[in-house]
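*Asks:* One structure follows; several queries about it will come next.
Protein chains in written order, with my numbering: chain A, 1 to 290; chain B, 1001 to 1290.
As structure tokens, then:
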């Protein structure tokens, strides 16, 4: 696919998500100029040195008025304020997208802050590793073969969705579409709940006097189960709160499942335990990350 | 360390655990003859071809009467019957050990089946990968640098414990000692509970009509969290039942922890969520498998 050329891309937040987006577009020769905004001057300077951006943005008004595409790659909590600052100066042909892990909250802010220009914002969630962060972690191939989920608004024109999809495809991503509600329900089940459960296990152990003894006998099963408990507390606090309703529902279902397993164990019900484990194993053994 | 030579080692169950024990002793030139017993003739023949064993055992009485060391490397559920068949013929200088993942149940069977010869059984739990199984998976270096937990009985002489420890050390293992009760409490917390939780998550998803959609969006966090849900259903049924009391206690603590997290989420308590995640992250980030 030949990507259409983007004359100017403006990125807010030049860390792993934003920086990798810039590097991927540059590697594809799909952009003329990338302008970066950020809260840390040091990160912006680093992004310049790494050729992630061509220029540090100093004035939102002059930079967004003629941008082809604007990416909000900051924590979701900062997006509302940025939208409010961008929208008065937004060019008529300019589109926005974002890299947030939750979508209903972003969409809510789009309607709250962008009013009649909501149709220019096409929400996106790139499913790409978040273990590292910062400009130095950015890689041109971060999105190669990865999924990007778009959750278009009714106000988005087909052409707007297509232009945003095309930019992410140019980065190597495969495009999927869900409604923002579907998106948040899916990720509550397969991502947000497992993170919460992993944090919970390690937090519970951390309260115990004999935690060092316990951890000294933990092996590879524990290692993999708890890898995500080393994720960013701030980021996961925000994700959990942003997707609170769906996550609470998942948590209740899971507690009910555990209560059933506890009853089977209490009753020495070997057959039910084996059947439960067997069903899980069949599904898990036949699955792999695509 | 120069290992004392074992003239004859008899292994019941020549799969991953038993086969690797044999190969490790042979590589160290620490054994003259290894005799293998098992329920599957095909597996025994395979063990012969792979030079894991020198001879297939045909008669328990004649093989165990002059064995230096006997390893029970079968599922724990088969050990009781084996002990009953071995004990009438057990040589006065022969020692037994095992490779079971739970210890209180093995110790109970030792007392039930071996009576006055209980002191000749030194229970052991080698902490080594159980993802593979069968004779073909056996490796001389499986125990290299791994932990083996001995849970000696009051009836074991110091010399008996030392001789069994020495055999495991010859395989490359580091020896630790716990009481069988301590052992089972520790592994309920750091191994058995995480397995149960991982099985529960996948089993819960398996019940849903939209499981394929959900799994299509699952990524690396889910992959690692659920890796152990592909473990053997039969083996984990047995482990859960064998360590039922300790595991039920862990499960209740965990459900209480989840109930607290659910309350924090319900109350939009950002600070409490972040503090919980932060505590977990600190502990997990500072830990690695040793």
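Heads up, the beta-carbon is just placed ideally off N, CA and C, and yes, glycines get one too.
Considering only C-alpha positions, which residue in the set B:1269, B:1231, B:1035, B:1162 is nearest to residue 274 (chain A)?
*Replies:* B:1231
*Asks:* With contact counted as at least three CB pairs below 8 Å, one residue from each stretch, are the segment 1024-1036 of chain B and the segment 1076-1095 of chain B in contact?
*Replies:* no
*Asks:* For residue 62 (chain A), tell me which candidate among A:15, A:206, A:85 has the shortest Cα-Cα distance.
*Replies:* Comparing Cα-Cα distances from residue 62 (chain A) to each of A:15, A:206, A:85, the minimum goes to A:85.
*Asks:* Can you tell me which of the three DSSP states residue 1208 (chain B) falls into?
*Replies:* DSSP places residue 1208 (chain B) in coil when its eight states are reduced to three.
*Asks:* Would you say residue 1020 (chain B) faces chain A, with C-beta separation under 8 Å as the test?
*Replies:* For residue 1020 (chain B), the answer is no, since every Cβ of chain A falls outside 8 Å of its Cβ.
*Asks:* Since residue 85 (chain A) meets chain B, which of its residues come closer than 9 Å, beta carbon to beta carbon?
*Replies:* Going along chain B, no residue has its Cβ under 9 Å from residue 85 (chain A), so there is no contact; the nearest lies around 24 Å.
*Asks:* Could you give the C-beta distance for residue 146 (chain A) and residue 128 (chain A), rounded to a whole number, given that I count them as a contact under 8 Å?
*Replies:* 5 Å
*Asks:* Assuming the contact rule is C-beta atoms closer than 8 Å, residue 148 (chain A) and residue 123 (chain A) should be a hit. Round their C-beta distance to whole Å, please.
*Replies:* At roughly 11 Å, the Cβ-Cβ gap does not stay under 8 Å, so residue 148 (chain A) and residue 123 (chain A) are not in contact.
*Asks:* Between A:238, A:246, A:271, which lies nearest to residue 1241 (chain B) when the distance is taken from Cα to Cα?
*Replies:* A:271
*Asks:* Taking Cβ to Cβ, would you say residue 257 (chain A) is nearer than 8 Å to residue 1256 (chain B)?
*Replies:* no
*Asks:* With DSSP as the reference, label residue 1267 (chain B) as helix, strand or coil.
*Replies:* It is coil, neither helix nor strand.
*Asks:* Whole angstroms is fine: what's the gap from residue 176 (chain A)'s alpha carbon to residue 1214 (chain B)'s?
*Replies:* 13 Å
*Asks:* I want to verify the contact list: residues of chain B whose CB lies under 8 Å from the CB of residue 268 (chain A), in sequence order.
*Replies:* Going along chain B in sequence order, the residues near residue 268 (chain A) (Cβ under 8 Å) are 1241, 1244.
*Asks:* Based on the DSSP secondary-structure assignment, which residues constitute the bridge partners of residue 36 (chain A)?
*Replies:* A:11, A:56
*Asks:* Compute the distance between the beta-carbons of residue 1138 (chain B) and residue 1052 (chain B), then report whether it is under 8 Å.
*Replies:* yes
*Asks:* Are any of the Cβ atoms in chain B nearer than 8 Å to that of residue 277 (chain A)?
*Replies:* yes
*Asks:* Could you tell me which uninterrupted beta strand (DSSP E) segments, each at least 3 residues in length, are contained entirely in the segment 126-197 of chain A, listed from first to last along the chain?
*Replies:* 147-150, 174-177
*Asks:* Taking Cβ-Cβ distances below 8 Å as the criterion, which residues of the segment 1098-1115 of chain B are in contact with chain A?
*Replies:* none
*Asks:* Rounded to whole angstroms, what is the Cα-Cα separation between residue 1016 (chain B) and residue 1135 (chain B)?
*Replies:* 6 Å
*Asks:* Grouping DSSP H, G and I as helix and E and B as strand, with all else coil, what is residue 1005 (chain B)?
*Replies:* coil
*Asks:* Considering only C-alpha positions, which residue in the set A:72, A:164, A:65 is nearest to residue 101 (chain A)?
*Replies:* Checked all of A:72, A:164, A:65; the closest Cα to residue 101 (chain A) is A:72.
*Asks:* Quick one: what does DSSP say residue 1097 (chain B) is sitting in, helix, strand or coil?
*Replies:* strand
*Asks:* If you check the beta carbons only, do residue 24 (chain A) and residue 140 (chain A) fall under 8 Å apart?
*Replies:* yes
*Asks:* The segment 208-224 of chain A: which residues have C-beta closer than 9 Å to a C-beta of chain B, in chain order?
*Replies:* 208, 210, 211, 213, 214, 215, 216, 217, 218, 219, 220, 221, 222, 223, 224
*Asks:* Quick one: what's got a C-beta closer than 6 Å to residue 1054 (chain B)'s C-beta in the same chain, skipping five residues either side?
*Replies:* 1033, 1034
*Asks:* Report buried or exposed for residue 88 (chain A), applying the criterion of at least 16 other Cβ atoms within 10 angstroms of its Cβ.
*Replies:* exposed
*Asks:* Just to confirm my understanding: we take residue 109 (chain A), look at its own chain, exclude 5 residues before and 5 after, and list those with CB closer than 7 Å. What are they?
*Replies:* 79, 80, 83
*Asks:* Here's the rule I'm using: 16 or more other beta-carbon atoms within 10 Å means buried, otherwise exposed. How should residue 111 (chain A) be labelled?
*Replies:* An exposed status is given to residue 111 (chain A), since fewer than 16 other beta-carbon atoms sit within 10 Å of its beta-carbon.
*Asks:* With burial defined as no fewer than 16 other Cβ atoms inside 10 Å of the residue's Cβ, what is the status of residue 286 (chain A): buried or exposed?
*Replies:* Classification of residue 286 (chain A): exposed, given that the 10 Å Cβ count is below 16.
*Asks:* Report buried or exposed for residue 1202 (chain B), applying the criterion of at least 16 other Cβ atoms within 10 angstroms of its Cβ.
*Replies:* buried
*Asks:* Relative to the alpha-carbon of residue 1245 (chain B), which residue among A:268, A:225, A:244 has its alpha-carbon at the smallest distance?
*Replies:* A:268
*Asks:* Can you pull the chain B neighbours of residue 236 (chain A), defined as C-beta to C-beta under 7 Å?
*Replies:* 1277
*Asks:* According to DSSP, is residue 282 (chain A) part of a helix, a strand, or is it coil?
*Replies:* helix
*Asks:* Which chain A residues sit within Cβ distance under 8 Å of residue 1228 (chain B)?
*Replies:* 221, 224, 225
*Asks:* Just to confirm, is the Cβ distance from residue 206 (chain A) to residue 1283 (chain B) under 8 Å?
*Replies:* Using a Cβ distance threshold of 8 Å, residue 206 (chain A) and residue 1283 (chain B) count as a contacting pair.
*Asks:* Can you give me the C-alpha to C-alpha distance between residue 12 (chain A) and residue 1281 (chain B), rounded to a whole angstrom?
*Replies:* 28 Å
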